[in-house]
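In this note's numbering, the protein residues as written are 19 to 110.
For reference, the structure is listed below as structure tokens.
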């Protein structure tokens, strides 16, 4: 809120309803990214590291620790791949 010259409070950018809508949209986008992009990236890495034990079948869209670890592994692999593509590990 910002006070105008006549003392009225005016919302600078967004109303409360607009902020709630944007919060919902960003939350849905974050869930989409983690469940449908990061999980498939982390799945083969975690299968390889655990010799096929984890993640178990049916954990893709579940809210389990195995699914969360798989998504976190996917995020780590994605970050390392982006850093490698940007030559962050070249040492120059």
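Ideal Cβ placement from N, Cα and C applies to all residues, glycine included.
The model shown is predicted, which means the values in this text are computed figures rather than measured ones.
A Cβ-Cβ separation of about 4 Å places residue 88 in contact with residue 60 under the 8 Å criterion. Assigned with DSSP and collapsed to three states, residue 109 falls in coil, not helix or strand. Residue 109 and residue 64 have their C-alpha atoms roughly 28 Å apart. Taken through DSSP and simplified to helix, strand or coil, residue 95 comes out as helix. Per DSSP, the continuous alpha helix (DSSP H) segment holding residue 40 begins and ends at 34-51.
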